[in-house]
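Chains as they are written, first to last, in full-length UniProt numbering: chain A, 1 to 259; chain B, 1 to 259; chain C, 1 to 259; chain D, 1 to 259.
C-beta: ideal position from N, C-alpha, C; glycine also.
As the structure is a prediction and not an experimental result, all values here were calculated from the model.
Protein chains: 4
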Amino acid sequence: MLKRVDIRYLKKPEEVNLKDPVMIEGLPGIGHVGKLVADHLVKVLDVVKVVEIYSHHFPPQVIVEKDGLIRMPKNEVYAYKSDGTSPDLLILVGDYQSISNEGHFELANAYLKIAKDFGVKRIYTLGGYGVGRLVEHPYVIGAVNSESLIEPLKKAGVKFEDGEPAGGIIGAAGLIIGLAMLEGIEAACLMGTTSGYMVDPKSAKAVLEVLMKLLNLKVSIEDLEERAKEMEKLIAQIKEIQEAQAMQWRSEEDLGYFR
Amino acid sequence: MLKRVDIRYLKKPEEVNLKDPVMIEGLPGIGHVGKLVADHLVKVLDVVKVVEIYSHHFPPQVIVEKDGLIRMPKNEVYAYKSDGTSPDLLILVGDYQSISNEGHFELANAYLKIAKDFGVKRIYTLGGYGVGRLVEHPYVIGAVNSESLIEPLKKAGVKFEDGEPAGGIIGAAGLIIGLAMLEGIEAACLMGTTSGYMVDPKSAKAVLEVLMKLLNLKVSIEDLEERAKEMEKLIAQIKEIQEAQAMQWRSEEDLGYFR
Amino acid sequence: MLKRVDIRYLKKPEEVNLKDPVMIEGLPGIGHVGKLVADHLVKVLDVVKVVEIYSHHFPPQVIVEKDGLIRMPKNEVYAYKSDGTSPDLLILVGDYQSISNEGHFELANAYLKIAKDFGVKRIYTLGGYGVGRLVEHPYVIGAVNSESLIEPLKKAGVKFEDGEPAGGIIGAAGLIIGLAMLEGIEAACLMGTTSGYMVDPKSAKAVLEVLMKLLNLKVSIEDLEERAKEMEKLIAQIKEIQEAQAMQWRSEEDLGYFR
Amino acid sequence: MLKRVDIRYLKKPEEVNLKDPVMIEGLPGIGHVGKLVADHLVKVLDVVKVVEIYSHHFPPQVIVEKDGLIRMPKNEVYAYKSDGTSPDLLILVGDYQSISNEGHFELANAYLKIAKDFGVKRIYTLGGYGVGRLVEHPYVIGAVNSESLIEPLKKAGVKFEDGEPAGGIIGAAGLIIGLAMLEGIEAACLMGTTSGYMVDPKSAKAVLEVLMKLLNLKVSIEDLEERAKEMEKLIAQIKEIQEAQAMQWRSEEDLGYFR
Numbered sequence: 001m002l003k004r005v006d007i008r009y010l011k012k013p014e015e016v017n018l019k020d021p022v023m024i025e026g027l028p029g030i031g032h033v034g035k036l037v038a039d040h041l042v043k044v045l046d047v048v049k050v051v052e053i054y055s056h057h058f059p060p061q062v063i064v065e066k067d068g069l070i071r072m073p074k075n076e077v078y079a080y081k082s083d084g085t086s087p088d089l090l091i092l093v094g095d096y097q098s099i100s101n102e103g104h105f106e107l108a109n110a111y112l113k114i115a116k117d118f119g120v121k122r123i124y125t126l127g128g129y130g131v132g133r134l135v136e137h138p139y140v141i142g143a144v145n146s147e148s149l150i151e152p153l154k155k156a157g158v159k160f161e162d163g164e165p166a167g168g169i170i171g172a173a174g175l176i177i178g179l180a181m182l183e184g185i186e187a188a189c190l191m192g193t194t195s196g197y198m199v200d201p202k203s204a205k206a207v208l209e210v211l212m213k214l215l216n217l218k219v220s221i222e223d224l225e226e227r228a229k230e231m232e233k234l235i236a237q238i239k240e241i242q243e244a245q246a247m248q249w250r251s252e253e254d255l256g257y258f259r
Numbered sequence: 001m002l003k004r005v006d007i008r009y010l011k012k013p014e015e016v017n018l019k020d021p022v023m024i025e026g027l028p029g030i031g032h033v034g035k036l037v038a039d040h041l042v043k044v045l046d047v048v049k050v051v052e053i054y055s056h057h058f059p060p061q062v063i064v065e066k067d068g069l070i071r072m073p074k075n076e077v078y079a080y081k082s083d084g085t086s087p088d089l090l091i092l093v094g095d096y097q098s099i100s101n102e103g104h105f106e107l108a109n110a111y112l113k114i115a116k117d118f119g120v121k122r123i124y125t126l127g128g129y130g131v132g133r134l135v136e137h138p139y140v141i142g143a144v145n146s147e148s149l150i151e152p153l154k155k156a157g158v159k160f161e162d163g164e165p166a167g168g169i170i171g172a173a174g175l176i177i178g179l180a181m182l183e184g185i186e187a188a189c190l191m192g193t194t195s196g197y198m199v200d201p202k203s204a205k206a207v208l209e210v211l212m213k214l215l216n217l218k219v220s221i222e223d224l225e226e227r228a229k230e231m232e233k234l235i236a237q238i239k240e241i242q243e244a245q246a247m248q249w250r251s252e253e254d255l256g257y258f259r
Numbered sequence: 001m002l003k004r005v006d007i008r009y010l011k012k013p014e015e016v017n018l019k020d021p022v023m024i025e026g027l028p029g030i031g032h033v034g035k036l037v038a039d040h041l042v043k044v045l046d047v048v049k050v051v052e053i054y055s056h057h058f059p060p061q062v063i064v065e066k067d068g069l070i071r072m073p074k075n076e077v078y079a080y081k082s083d084g085t086s087p088d089l090l091i092l093v094g095d096y097q098s099i100s101n102e103g104h105f106e107l108a109n110a111y112l113k114i115a116k117d118f119g120v121k122r123i124y125t126l127g128g129y130g131v132g133r134l135v136e137h138p139y140v141i142g143a144v145n146s147e148s149l150i151e152p153l154k155k156a157g158v159k160f161e162d163g164e165p166a167g168g169i170i171g172a173a174g175l176i177i178g179l180a181m182l183e184g185i186e187a188a189c190l191m192g193t194t195s196g197y198m199v200d201p202k203s204a205k206a207v208l209e210v211l212m213k214l215l216n217l218k219v220s221i222e223d224l225e226e227r228a229k230e231m232e233k234l235i236a237q238i239k240e241i242q243e244a245q246a247m248q249w250r251s252e253e254d255l256g257y258f259r
Numbered sequence: 001m002l003k004r005v006d007i008r009y010l011k012k013p014e015e016v017n018l019k020d021p022v023m024i025e026g027l028p029g030i031g032h033v034g035k036l037v038a039d040h041l042v043k044v045l046d047v048v049k050v051v052e053i054y055s056h057h058f059p060p061q062v063i064v065e066k067d068g069l070i071r072m073p074k075n076e077v078y079a080y081k082s083d084g085t086s087p088d089l090l091i092l093v094g095d096y097q098s099i100s101n102e103g104h105f106e107l108a109n110a111y112l113k114i115a116k117d118f119g120v121k122r123i124y125t126l127g128g129y130g131v132g133r134l135v136e137h138p139y140v141i142g143a144v145n146s147e148s149l150i151e152p153l154k155k156a157g158v159k160f161e162d163g164e165p166a167g168g169i170i171g172a173a174g175l176i177i178g179l180a181m182l183e184g185i186e187a188a189c190l191m192g193t194t195s196g197y198m199v200d201p202k203s204a205k206a207v208l209e210v211l212m213k214l215l216n217l218k219v220s221i222e223d224l225e226e227r228a229k230e231m232e233k234l235i236a237q238i239k240e241i242q243e244a245q246a247m248q249w250r251s252e253e254d255l256g257y258f259r
């Protein structure tokens, strides 16, 4: 039985034994900036998967992969044990965000519970900040849940603009740092400026560079552009098919009332 | 009182005493391919109804049948005890799928619970794969939740196309094999290619033929086309009336705010 | 605290002591046919209010009446103790039906619970059957949850048309007789043919006449047309204002995101 | 973990020790009339914050304030201890109303619980009454949950118009006085006439003047127009950005299905 929000630990926190880990969130969102960065970290770092999250708030479907193998939509948390120069990490990535308003809150509750179970001391959520036009030289805007974070972030190159983004920060990237505030966990959202119209590896690169400074971490950024290209191609392909799908689904809905 | 998802056993699993049954799902969907096949099996095999499922996730209405007799919308599970040459079957058919996103998950949970209660060892979900144009020679595309199923399915004539359907498999046909995966039950989705625009007995025939091979089962396919014609006629008729209904319902909604 | 479905007994069933009562449902719906008839019965019969039903599934607002006095939207059940020539009655009337799909099921559950608490032996739900054009001579179409009801209803002038209404019976009028079926309570839906475009006292009169025959009850029908005229006027007035309201509400929604 | 409706007491009622307090509600709504008045009272009176309310029914996002500091959307209750000439007050203000229908009921339940915990004896909810055209000389329309309130309100300049607003009172301003009625707490809604198209300080002034008479309270109204101007500017700015945001969010939704 799948619960509304179904957190499944593959490893217990005490088994993984992270020391004051920093949580990184990069779920799908504007320009897929956050997802690009977090997926990249999972790929290039020596990580181990520790949690899978399933939910009734994800789209009611399965994903078909190579050879026709399917899997349930899910989010995942990976643990990274550092060599001591950078902090240990807990990286949250995944297929979807909630497709309902209330689901966003229920999922954010789950992410915070996981953070607390692993003893997380700081959280960085990653995202894009859409400006509605092409961005030649992306930079990173920050939002924080504690004043003490402003100076360190500025030193790492993060810009702060009064009351920006004015529309608030929607979804997991926002709610996680909001709930973290209520739980007394320092957290910031790092947003790469981007057009908002396409997958943006340049913006992701800007965010990754800031993040590396903040974490005192060095990873290759070679693949990032490669990954973005693939993502872009996949999205184009999927969109095309989704339009067909939507058409069929509509016709299915028409038929849905048949008996 | 009707529960959100209300599973009513007409016969207990131990009464029916199926041996390692295979579950077949054929609910309304694209081209009604799955429904055509599963309804057909229920009609031509010597089955007994074992479960009825009612739900708040079905449309809030009753169905009117011959002579003005009504009944609640429901899904049903039928048991087929084979003569030993083919496996015992548990066939899931019904009026509707969920009309809400979350409802799809709650209903799929129920279907899996029933499968487990009856000791199901394998599941085939049936559906259509809409391609957006007329299909002269339909064939069957497969998606599986276990690599071990690929070869046997290929032998029965099922095609596998990398990452197809790219938009995922929506609704019960997808979630059932997804949840089965989490429960360790082998399951596959068999999708007949179809336009997606109309009830498609030809596509259903293609799926039924594959299914018969997989189950080592022989049933007449005479009625299939007959049934599709009736379904098509009924759908046309119902659509016409539903448009009128929708119009009235809208006017009812307008009035709904009256006091 | 108001529960999702909040049933408040003003009198206990044993206080009212109805003998095998017949339940009549007439909530807002197509042509307001059912509401007209049930409201009329409450007015002309010597009834006592026994239950009030509040719900989160009604619109989130209060109703303003004469002199600026407000009240919560609600449904009500009235008891009628007959002189013995006709059966005792339990009459369900009210302001609204559910505004969500799931709410329809939760409210229908509540109505059935009340019916059972009062020992109801038969239920008539009332409604309109919209035909999409003006109806000069309305008649009454029936739908039943038990074959045994067909003959008595035919004798009272009810028509039965195979599989009509083909789109099913939506909302309380349908779900009540559907749930009653599962509870073993005989129930029928009586639908007066109507255009579906306006409040229809003529159709209501046709339904009331059939109902009087079925109940061996005689009530004045004078007020019915009068009441329909008032209702029509009120609806026109309210619609006008609702359009303004909707406009404001939209603008409120725009503002809703302001902080 | 944030509950669906999460009431957090900063001070216990017995600590604050209000004497028969009057509750004032002024949440976002038509013309922001109620919000303007209640926010103003919180600013000019010597108040202390006693409750914070978070909810899954608010938009799933955080608000970004000066210097990039974020906070969760919330409603707040402030206590005002008077010098004895006017009653003690409990003032409900906040960022949002519910964005779902059911949420309105759940939040209104919460507000009533708080009122009862603090021993509230009377409630005034504040709002705008949109008339769809510019209003030169706004006045205040009243709606009450008890006849005994009509005369005192009339004396304070409140108008009562039969059955107005005909569309009912939507949201917190309506449900609070409706639920108060069921709890036996006297309550009235004071609505300043306004166009419904913009933030309206003139209408707010009219409401504030009536409220001061009712409470025998004197506060400066200087800032009110100032505050309205700021609000108007902020709204314009936010709307502009929200349109961009909506655009991005849509594109995010498109991407949301990417994996």
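Discussion item. Please state the DSSP three-state secondary structure of C:E15.
Written reply: helix
Discussion item. Determine, for B:H32, whether the minimum Cβ-Cβ distance to residues of chain C falls below 9 Å.
Written reply: no
Worksheet item: Hey, which unbroken runs of the alpha helix (DSSP H) at 4 residues or more fall wholly within the stretch 130–177 of chain D?
Response: If we require 4 residues or more, the alpha helix (DSSP H) runs fully inside the stretch 130–177 of chain D come out as 150–155.
Worksheet item: By the criterion of Cβ-Cβ separation under 9 Å, what are the contact partners of A:Q97 in chain B?
Response: Ordered by position in chain B, no residue passes the 9 Å Cβ test against A:Q97, which lies about 13 Å from the chain.
Item to complete: Sort out for me which residues DSSP pairs B:E186 with in a bridge.
Response: B:R122
Worksheet item: With 16 other CB atoms within 10 Å as the buried threshold, where does D:Y83 fall?
Response: Residue identity check: residue 83 of chain D is Asp in the sequence provided, not Tyr. Around the Cβ of D:D83, a 10 Å sphere holds fewer than 16 other Cβ atoms; the residue is exposed.
Discussion item. Taking the alpha carbon of A:T194 as the reference point, which residue from A:A204, A:K12, A:E52 and A:G26 has its own alpha carbon closest?
Written reply: A:A204
Discussion item. D:L224 and D:F118 - do their beta-carbons sit closer together than 9 Å?
Written reply: Against a cut-off of 9 Å, the Cβ pair of D:L224 and D:F118 comes out as no contact.
Worksheet item: Residues of chain A with a CB under 7 Å from the CB of D:L69: which are they?
Response: V144 and E147
Worksheet item: From which residue to which residue does the beta strand (DSSP E) around A:D6 run?
Response: V5 to Y9
Discussion item. If we define contact as Cβ-Cβ less than 9 Å, is D:P138 a contact residue for chain C?
Written reply: no
Item to complete: Evaluate the contact criterion for the stretch 103–110 of chain C versus the stretch 25–41 of chain B: three or more CB pairs, one atom per stretch, below 8 Å.
Response: no
Worksheet entry | Same chain, Cβ closer than 8 Å to D:E65, neighbours up to 5 away in sequence not counted | Same-chain partners within the cutoff: R71.
Worksheet item: Taking DSSP as the reference, what is the three-state secondary structure of A:N101?
Response: DSSP places A:N101 within a helical segment (H, G or I) once states are collapsed to three.
Discussion item. I need the DSSP call for C:Y80, collapsed to helix, strand or coil.
Written reply: strand
Worksheet item: For the alpha helix (DSSP H) that D:S55 lies in, which residues bound it at each end?
Response: It is not in any alpha helix (DSSP H) - D:S55 instead sits in the beta strand (DSSP E) that spans V47 to S55.
Worksheet item: Near A:L45, which residues of its chain fall below 7 Å by C-beta distance, leaving aside the five closest residues on each side in sequence?
Response: Y80 and V219
Worksheet entry | Chain-ordered neighbours of B:I63 on chain C, where CB pairs are closer than 7 Å | G168
Worksheet entry | Bridge partners - D:T194, DSSP secondary structure assignment | D:G130
Fill in: C-beta neighbour in chain B for A:P60, strict 9 Å
yes
Worksheet item: Mind checking whether B:I91 and B:V42 have CB atoms under 9 Å apart?
Response: yes
Worksheet item: Identify the residues that DSSP records as bridge partners of A:L90: which are they?
Response: A:M23 and A:A79
Discussion item. Can you list, in chain order, the residues of its chain with a C-beta nearer than 7 Å to that of C:I150? Leave out the 5 residues immediately preceding and following it.
Written reply: V144 and F160
Practice prompt. Under 8 Å between beta-carbons, which chain D residues line up against A:I53? List them in chain order, please.
Written response: Here the premise fails: no neighbours, minimum Cβ distance about 14 Å.
Discussion item. Looking at chain C, is there any beta carbon in it that lies within less than 9 Å of the beta carbon of B:K43?
Written reply: no
Discussion item. Can you give me the C-alpha to C-alpha distance between D:N28 and B:R133, rounded to a whole angstrom?
Written reply: Reading off the sequence, residue 28 of chain D comes out as Pro, not Asn. For D:P28 and B:R133, the distance between alpha carbons rounds to 50 Å.
Practice prompt. Check the Cβ of A:S184 against every Cβ in chain D and list those closer than 7 Å, keeping chain order.
Written response: According to the sequence shown, residue 184 of chain A is Gly rather than Ser. Per Cβ cutoff of 7 Å: no residues; A:G184 is ~13 Å from chain D at best.
Worksheet item: Can you tell me whether C:G196 is buried or exposed, with buried defined as 16 or more other CB within 10 angstroms of its CB?
Response: buried
Practice prompt. Step through the CB atoms of chain C and report whether any lies within less than 9 Å of the CB of B:L10.
Written response: no
Discussion item. Would C:I53 and C:R8 qualify as a contact pair, given that the criterion is a beta-carbon distance under 9 Å?
Written reply: yes
Discussion item. I want to verify the contact list: residues of chain B whose CB lies under 8 Å from the CB of C:K113, in sequence order.
Written reply: M1
Fill in: Where B:V199 sits in the DSSP three-state scheme
Secondary structure at B:V199: coil, using DSSP grouped into helix, strand and coil.
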